[in-house]
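Asker: One structure is given below, represented as C-alpha cells, and several questions about it will come after.
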Amino acid sequence: GDAAMNVATLRAVFAGQTGPVRDIVSLNAGCALMLSGVVSDISEGIATVRATLDSGAAQKLLDAVIAVSTREAQRMEASS
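Heads up, the sequence shown is in our numbering, so the first residue is 1139 and it goes up one at a time.
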C-alpha cells in the first residue's frame, strides 16, 4: 500500500487490532529482537512484541517519535 495506508495499518496494530498483520509485525519484530540478542529465540521475541503492543508501550514510543520528528521539522523550517 501507499504511505498513508501503511501508517493507518501500523496505527491499528498498535491500537490493539488483531489478525494477520499483527502476526506478521510480531514475527518480524520478534526475529529482530532475537537477531540483536535481546531475546534468546523467536518465540520469546514474539511474546515480547505482543506484550509490548498489548501494554500500549509501542504506541507511547511511536507517539514520542512523532512528537520529536514534528518538533525537529518545525525547528528546521523556522531556521531556513
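The beta-carbon is built from N, C-alpha and C at its ideal position, and this holds for glycine as well.
1. By the three-class DSSP mapping on this structure, what secondary structure does T1156 have?
2. For D1140 and A1150, what's the separation of their Cα atoms in angstroms?
3. What did DSSP end up calling V1176 once you bin it into helix, strand or coil?
4. Give me the Cα-Cα distance between A1146 and V1176, rounded to the nearest whole angstrom.
5. Excluding sequence positions up to five away, which residues of its chain have a Cβ less than 7 Å from the Cβ of F1152?
Answerer: Per the coordinate set shown:
1. coil
2. So the alpha carbons of these two residues sit roughly 15 Å apart.
3. coil
4. 28 Å
5. L1191, A1196, Q1197, L1200
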